[in-house]
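Under this note's numbering, the residues of the sequence shown are numbered 54 to 406, in order. Every residue gets a Cβ at the ideal spot worked out from N, C-alpha and C, and that includes glycine. Below is one structure, written out as structure tokens; comments come after it.
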Amino acid sequence: MHNISLLSRAQSRSISPENPRGEKGRAGMSTDGLAAAAARDLGQGWKVSPYITIGAGETYPLAEIEGPGEIQHIWLTTAPEWWRRLILRIYWDGEESPSVEVPLGDFFCNGWCDPALVNSMPIAVNPLCGFNSYWPMPFRRSARITLENTWNEESSSVYFSIDYALDEVPESAAYLHAQWRRSNPLAYKDVHTILDGVTGWGHYVGTYLAWQSNNTGWWGEGEVKFFIDGDDEFPTICGTGTEDYFGGAWDFEYPRGQYHEFSTPYLGLPQVISAGAGGLYASQQRFGMYRWHLQDPVRFAQDLRVTVQALGWRSGGRYLPLQDDISSTAFWYQNQPHAPYPPLPDPDSLEVI
């Protein structure tokens, strides 16, 4: 907060259904929004257009902004069953390929479509289903944010506001990127790739995993590895276990016999969804975990690849390669242009069942 007292010539703006172009002095002017019936006794200026819906298979332009500037805060909410059906995309400076392409819930650390509260620096999720992003998102010429409805029916109500400032952007400022991948199930003796194909100059800033264990027993012995600037078979950075990377230890167990959810500014296990009977090591349990590299960004100058192993235990004190359901969202900043992402799977493969 050491800069909050400094004056600036930046211009504050906000886009929402009540001001879809973020124009100065033109918010709350709607007369025919989706809540017009509720406001019929009060008229213009009384919450006539607080939300949108998105038709089946359609893409809605949440924001189109001319820069330079920086998106500072995004707030959004919609019904949980839509968190994997809606795809969030962000395009910088007129690019054709998005820099952010992630199912809505996963971007906000809620990939399982079952509300989890998150209390971290860049992402906060508050009761009930209030999604907040504080990732700084600078852009030089333009920013475009869209939400695609991949489902075969109209979406539920989507409420949102996008707060930004029009201001000069430092030459050293990089662009936010985020990419989603899923292994369902992970092939035997394979690793889940969190990120690959990145080329350019930048730094890795965060990981969110939505993980379902498909075996009984402990599932988090696998190492997270960062292959930096030409690393081939062996990485430059290799952790000591999955729960270790996310800041926990000894199976996230506390008190004995149960998982302990936690959410902190930089890392957390905010979600544990039990499968019922079976206790700590029951099969089919689901977990949501995040790790933000805000104090320890992973720097790369040319390329980056990130993977995680899925390991449990078998007889004789031996590791057991697991075939779990793992979805990941990687967050990083880099210069442009970026390499295009692999296409997202079809809607049925995105779905949480």
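Going by CA-CA distance only, name the one from the options that's closest to residue i.
{"i": "Arg457", "options": "Pro151, Pro350, Phe160", "result": "Outside the modelled stretch of the chain, which goes from 54 to 406, sits residue 457, for which no answer is possible."}
{"i": "Tyr257", "options": "Trp345, Arg93, Gly122", "result": "Trp345"}
{"i": "Pro156", "options": "Trp271, Phe353, Ser380", "result": "Ser380"}
{"i": "Gly250", "options": "Glu224, Asp282, Val222, Val361", "result": "Asp282"}
{"i": "Gly180", "options": "Glu224, Ser186, Thr130", "result": "Note that residue 180 corresponds to Pro in the displayed sequence, not to Gly. If we check each option's Cα against that of Pro180, Thr130 comes out closest."}
{"i": "Leu262", "options": "Asn237, Asn268, Asp284, Asp285", "result": "Asn237"}
{"i": "Phe161", "options": "Gln324, Gln355, Pro350", "result": "Gln324"}
{"i": "Ser336", "options": "Gln265, Thr246, Glu134", "result": "Gln265"}
{"i": "Asn163", "options": "Val178, Gln355, Pro121", "result": "Val178"}
{"i": "Glu148", "options": "Trp204, Asp399, Gln389, Ala92", "result": "Gln389"}
{"i": "Thr246", "options": "Thr252, Trp254, Thr260, Gly98", "result": "Thr260"}
{"i": "Pro398", "options": "Arg235, Asp243, Gly365", "result": "Arg235"}
{"i": "Leu320", "options": "Pro308, Tyr298, Tyr334, Gly332", "result": "Tyr298"}
{"i": "Glu207", "options": "Ala392, Pro350, Ile107, Thr295", "result": "Ile107"}
{"i": "Arg138", "options": "Gln311, Asp378, Gln97, Cys166", "result": "Cys166"}
{"i": "Met54", "options": "Met174, Ser83, Val405", "result": "Met174"}
{"i": "Asp378", "options": "Gln362, Trp366, Pro393", "result": "Gln362"}
How many whole angstroms separate the CB atoms of residue i and residue j, which I take to be in contact at a CB cut-off of 8 Å?
{"i": "Ala109", "j": "Leu248", "result": "That pair is no contact at about 31 Å."}
{"i": "Val211", "j": "Ile140", "result": "About 13 Å separates the two Cβ atoms, so there is no contact after all."}
{"i": "Thr112", "j": "Thr199", "result": "5 Å"}
{"i": "Phe192", "j": "Trp128", "result": "Actually they do not touch by this definition, with Cβ atoms about 19 Å apart."}
{"i": "His313", "j": "Asp216", "result": "Their Cβ separation, rounded to whole angstroms, is 34 Å, which puts His313 and Asp216 out of contact at 8 Å."}
{"i": "Trp272", "j": "Leu375", "result": "6 Å"}
{"i": "Asn172", "j": "Ser58", "result": "Rounded, the Cβ-Cβ distance is 26 Å, inconsistent with contact."}
{"i": "Pro400", "j": "Thr203", "result": "4 Å"}
{"i": "Ala63", "j": "Ala218", "result": "4 Å"}
Under the rule that 16 or more other beta-carbon atoms within 10 Å means buried, what is residue i, buried or exposed?
{"i": "Gly369", "result": "exposed"}
{"i": "Tyr241", "result": "exposed"}
{"i": "Leu372", "result": "For the record, residue 372 in the displayed sequence is Tyr; it is not Leu. Tyr372 is exposed by the Cβ-count criterion."}
{"i": "Leu239", "result": "buried"}
{"i": "Ser402", "result": "exposed"}
{"i": "Glu119", "result": "exposed"}
{"i": "Phe340", "result": "buried"}
{"i": "Met190", "result": "buried"}
{"i": "Pro103", "result": "buried"}
{"i": "Cys182", "result": "buried"}
{"i": "Tyr38", "result": "With the chain covering 54 to 406 only, the question about residue 38 has no answer from this structure."}
{"i": "Gly255", "result": "buried"}
{"i": "Leu115", "result": "buried"}
Where does the unbroken alpha helix (DSSP H) through residue i begin, and where does it stop?
{"i": "Leu239", "result": "Premise fails: Leu239 is in no alpha helix (DSSP H) and is neither H nor E."}
{"i": "Glu117", "result": "Here Glu117 belongs to no alpha helix (DSSP H); instead the beta strand (DSSP E) covers 112–119."}
{"i": "Asp401", "result": "400–403"}
Provide the residue span of the beta strand (DSSP E) that contains residue i, from first to last.
{"i": "Leu364", "result": "364–367"}
{"i": "Leu320", "result": "320–326"}
{"i": "His256", "result": "255–265"}
{"i": "Thr360", "result": "356–361"}
{"i": "Asp378", "result": "378–387"}
{"i": "Gly270", "result": "First-last for Gly270: undefined, no H or E at that position."}
{"i": "Asn185", "result": "183–186"}
{"i": "Gln51", "result": "The structure shown does not extend to residue 51, since the chain is modelled only from 54 through 406, so no value can be given for it."}
{"i": "Ala218", "result": "212–219"}
{"i": "Glu201", "result": "195–202"}
Compare the C-beta of residue i against all C-beta atoms of chain D and say whether one is closer than 8 Å.
{"i": "Arg344", "result": "The question asks about chain D, but that chain is absent: this structure has only one protein chain."}
| said: To test your reading of the DSSP string, which unbroken beta strand (DSSP E) runs of 3 or more residues are found completely within the stretch 125–170? | reply: 139–145, 153–156
| request: Starting from the N-terminal side, write out each stretch of the alpha helix (DSSP H) that is 4 residues or longer and does not extend beyond the stretch 273–308. | output: 295–298
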